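Notes for the one structure printed next.
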Amino acid sequence: MAGKKTTNYFNRDVNPCVEEQKESIACLEGNNYKKDKCNIPFANYQECVGFWKNVSRKRNQQGIQPAIPTLSEQEQIKRFLGDKLPYIALSDS
332 MAGKKTTNYF
342 NRDVNPCVEE
352 QKESIACLEG
362 NNYKKDKCNI
372 PFANYQECVG
382 FWKNVSRKRN
392 QQGIQPAIPT
402 LSEQEQIKRF
412 LGDKLPYIAL
422 SDS
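Right under this line is the structure:
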């Protein structure tokens with residue numbers, strides 16, 4: 332079962348903030364795990380998680396499944412919101 336959870340953890344259809352999460356981890360690793368050096372990536376990740384939780388909650392209320400938008404839907408939402416997106420969306424390059 333651990334394998335399935337790990338797989339989903341890095342699946343953007345399930346976790347839309349994978350890249351923002353990776354950026355936070357990379358910041359920690361690059362700064363000898365000094366959290367105070369990573370405030371910006373941490374805040375960005377938290378904004379990302381909060382944004383997609385709100386989207387998920389609204390979709391649940393409206394009976395839309397899956398609650399987390401698919402990757403293509405996520406990209407459409409990001410394009411639609413543009414500069415109004417509350418976090419800096421990172422690409423999986």
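In the working numbering, the protein residues as written are 332 to 424.
We put the beta carbon where it would ideally sit given N, CA and C, even for glycine.
On a predicted model such as this, the values are computed, not experimentally measured, just so you know.
Tell me which residue opens and which closes the alpha helix (DSSP H) that residue i is part of.
i    : result
N375 : N370 to Q392
A357 : V349 to G361
So, helix, strand or coil for residue i, using DSSP?
i    : result
I399 : coil
N346 : coil
F341 : coil
L412 : helix
K366 : helix
Is the segment 406-421 in contact with the segment 370-387, if contact means three or more CB pairs nearer than 8 Å?
-> yes
Would you call the segment 399-406 and the segment 335-354 in contact, with 3 or more CB pairs under 8 Å?
-> yes
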